[in-house]
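**Student:** Structure in structure tokens, see below.
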Amino acid sequence: MISLCKLGVKSSRNYGSFITADTIRSRDMTHTAQARTLPPIGQKSARLSESAVNMSVVLCACLGLSLGIQWVLWVIAALFHTEKFYDLAGSGTFILLAHLSLRWTGTRFLRQQVQTGLITVWGVRLGTFLFLRILKDGHDRRFDRVRDNPGTFLIYWTMQGIWIFVTLLPSLMLNLGKQEKPLGLRDYLGWSLWTVGFIIQATADQQKWIFKSDPDNAGKFIQTGLWAYSRHPNYLGEILQWSGLFLSASTVLSGYEYVSIISPVFVWFLLSYVSGIPILEKQALKRWGSEAAYQSYISHTPVLWPFKF
Numbered sequence: 008m009i010s011l012c013k014l015g016v017k018s019s020r021n022y023g024s025f026i027t028a029d030t031i032r033s034r035d036m037t038h039t040a041q042a043r044t045l046p047p048i049g050q051k052s053a054r055l056s057e058s059a060v061n062m063s064v065v066l067c068a069c070l071g072l073s074l075g076i077q078w079v080l081w082v083i084a085a086l087f088h089t090e091k092f093y094d095l096a097g098s099g100t101f102i103l104l105a106h107l108s109l110r111w112t113g114t115r116f117l118r119q120q121v122q123t124g125l126i127t128v129w130g131v132r133l134g135t136f137l138f139l140r141i142l143k144d145g146h147d148r149r150f151d152r153v154r155d156n157p158g159t160f161l162i163y164w165t166m167q168g169i170w171i172f173v174t175l176l177p178s179l180m181l182n183l184g185k186q187e188k189p190l191g192l193r194d195y196l197g198w199s200l201w202t203v204g205f206i207i208q209a210t211a212d213q214q215k216w217i218f219k220s221d222p223d224n225a226g227k228f229i230q231t232g233l234w235a236y237s238r239h240p241n242y243l244g245e246i247l248q249w250s251g252l253f254l255s256a257s258t259v260l261s262g263y264e265y266v267s268i269i270s271p272v273f274v275w276f277l278l279s280y281v282s283g284i285p286i287l288e289k290q291a292l293k294r295w296g297s298e299a300a301y302q303s304y305i306s307h308t309p310v311l312w313p314f315k316f
């Protein structure tokens, strides 16, 4: 029994002799390396905070660039008392910021490229259409009491800069992010909604252009085509397009980035209650309000949505 105990002690001592300081250090280094492969919550939170700060800085730069472009062009417009390139400047700034935000990150994921491409198509079509329209008409009635007042004119240009930034916000966040996910249902639904909106807006604009180009329609209001279902189908198309772009961008948004839902809400509110529908409805009522045909039109045709909720 004593011999066995001595043998056990001896064996224990022999085993212990193999556990050297180098062995302990080696084990510590192994544990440290394993710990580094699983970053603690604090390190992860720090990286997320740093990413949020970086995105905030770039977004502020985008806002500053948007406003800066509008202010420079306001100087030219105020000097020449013209609003002829106002809408063209707006659509051009949309395209510029979309492409710059994509270039700054250098990621160029498929979702980012599609989103930027759709914004480009929208901007080129609408900007060209509005520029040709104002060249044809000679002026924009929105600016009749504004173009000769530099201070008020500046407010319009400043609001355009803010409108561009807020409307682009989901797409800017998408392009500035470095997270990629496989294309999913929201992407296809969003892009489909954009396509429907684009077709509605382009068709409505073309129908009204053709209607107004016919001398027989001089002094009349349009109530055919898409305009028989909505008094402002072009604005409906605009709202659908930006709603679709938010939906597709939301696939990779997270946390505070969902604040960008303000984009389609802002577009809807602006067109419905500020600069779009209220102004045009007031002008139309003043011009055709006494006509029975117009009274019948507004009583049977919805203002925006071609259906009632």
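Straight run, no breaks: the sequence shown in our numbering ends on number 316. Ideal Cβ positions, reconstructed from N, Cα and C, are used throughout, including at glycine.
1. For R148, which three-state DSSP category applies?
2. Count the other CB atoms within 10 Å of the CB of Y195; is the residue buried (16 or more) or exposed (fewer)?
3. Give me the Cβ distance between A256 and L181, rounded to the nearest whole Å; I'm assuming they're in contact under 8 Å.
4. When the Cα of L252 is compared with those of V203, L70 and R110, which residue comes out closest?
5. Let me know the alpha helix (DSSP H) ranges lying completely inside the region 156-221, each 4 residues or longer, listed in chain order.
6. Exposed or buried, which one is T44 when buried takes at least 16 other CB atoms within 10 Å?
7. Taking the alpha helix (DSSP H) that H239 belongs to, which residues open and close that run?
8. Hey, would you say I141 sits closer than 9 Å to K188, going by beta carbons?
9. With G97 as the anchor, note down where its alpha helix (DSSP H) starts and where it stops.
10. Between S303, L179 and Y93, which lies nearest to V65 when the distance is taken from Cα to Cα?
11. Look up E90 in the DSSP assignment and say whether it is helix, strand or coil.
12. Determine whether the beta carbon atoms of E264 and G184 lie at a separation below 9 Å.
13. What does the alpha-carbon distance come out to for the pair A209 and V128?
14. Just verifying my parser: in three-state terms, what is the DSSP assignment at F276?
15. Within 10 angstroms of its Cβ, does T159 collect 16 or more other Cβ (buried), or is it exposed?
16. Going straight from the alpha carbon of P222 to that of G168, what length do you get?
17. When the Cα atoms are used, what is the spatial distance from S73 to S237?
18. Is the beta carbon of E245 less than 9 Å from the beta carbon of L200?
19. Helix, strand or coil for L311, going by three-state DSSP, please let me know.
20. I need the DSSP call for I76, collapsed to helix, strand or coil.
**Tutor:** Reading off the structure:
1. For the purposes of this step, residue 148 is taken as residue 141 along the sequence shown, with counting starting at 1. In this structure, R148 counts as helix in the three-state DSSP scheme.
2. For the purposes of this step, residue 195 is taken as residue 188 along the sequence shown, with counting starting at 1. With fewer than 16 other Cβ atoms from the protein chains shown falling within 10 Å of its own Cβ, Y195 counts as exposed.
3. Translated into positions along the sequence shown, residue 256 becomes position 249. Translated into positions along the sequence shown, residue 181 becomes position 174. The Cβ separation is near 4 Å, so the contact holds.
4. Reading the sequence shown from its first residue, position 245 is the one you call residue 252. Nearest to L252 by alpha-carbon distance, out of V203, L70 and R110, is V203.
5. 157-183 and 192-220
6. One-based indexing of the sequence shown puts residue 44 at position 37. Confidence in T44 is poor, its pLDDT being 48 and thus under 50, which makes the residue's placement unreliable; the coordinate value appears in the next sentence. It counts as exposed.
7. Here residue 239 refers to the residue found at position 232 when the sequence shown is read from its first residue. Unbroken run through H239: none, as it is neither H nor E.
8. The sequence position of residue 141 within the sequence shown is 134, counting from 1. The sequence position of residue 188 within the sequence shown is 181, counting from 1. Not a contact, by the Cβ cut-off of 9 Å.
9. Sequence index remark: in the sequence shown, residue 97 carries index 90 (1-based). Y93 to T112 is the extent of the alpha helix (DSSP H) around G97.
10. Along the sequence shown, read from residue 1 onward, the residue named residue 65 stands at position 58. V65 has its Cα closest to that of L179, out of S303, L179 and Y93.
11. Locating residue 90 in the sequence shown gives position 83, counting from the first residue. If DSSP states are grouped into helix, strand and coil, E90 belongs with coil.
12. Looking up residue 264 in the sequence shown gives position 257. Looking up residue 184 in the sequence shown gives position 177. Yes. Within cutoff.
13. Here residue 209 refers to the residue found at position 202 of the sequence shown. Here residue 128 refers to the residue found at position 121 of the sequence shown. For A209 and V128, the distance between alpha carbons rounds to 11 Å.
14. On the sequence shown, residue 276 is found 269 positions in, with the first residue counted as 1. Correct three-state label for F276: helix.
15. The count along the sequence shown starts at 1 and reaches residue 159 at position 152. T159 should be labelled exposed.
16. By 1-based counting over the sequence shown, the position of residue 222 is 215. By 1-based counting over the sequence shown, the position of residue 168 is 161. The straight-line gap from Cα to Cα measures roughly 37 Å.
17. Here residue 73 refers to the residue found at position 66 of the sequence shown. Here residue 237 refers to the residue found at position 230 of the sequence shown. Between S73 and S237, the C-alpha separation is close to 32 Å.
18. If you number the sequence shown from 1, residue 245 lands on position 238. If you number the sequence shown from 1, residue 200 lands on position 193. Against a cut-off of 9 Å, the Cβ pair of L200 and E245 comes out as no contact.
19. Taking the sequence shown and counting its residues from 1, one reaches residue 311 at position 304. L311: coil per DSSP, three-state reduction.
20. Position 69 of the sequence shown, counted from the start, is the residue given in the question as residue 76. Helix at I76.
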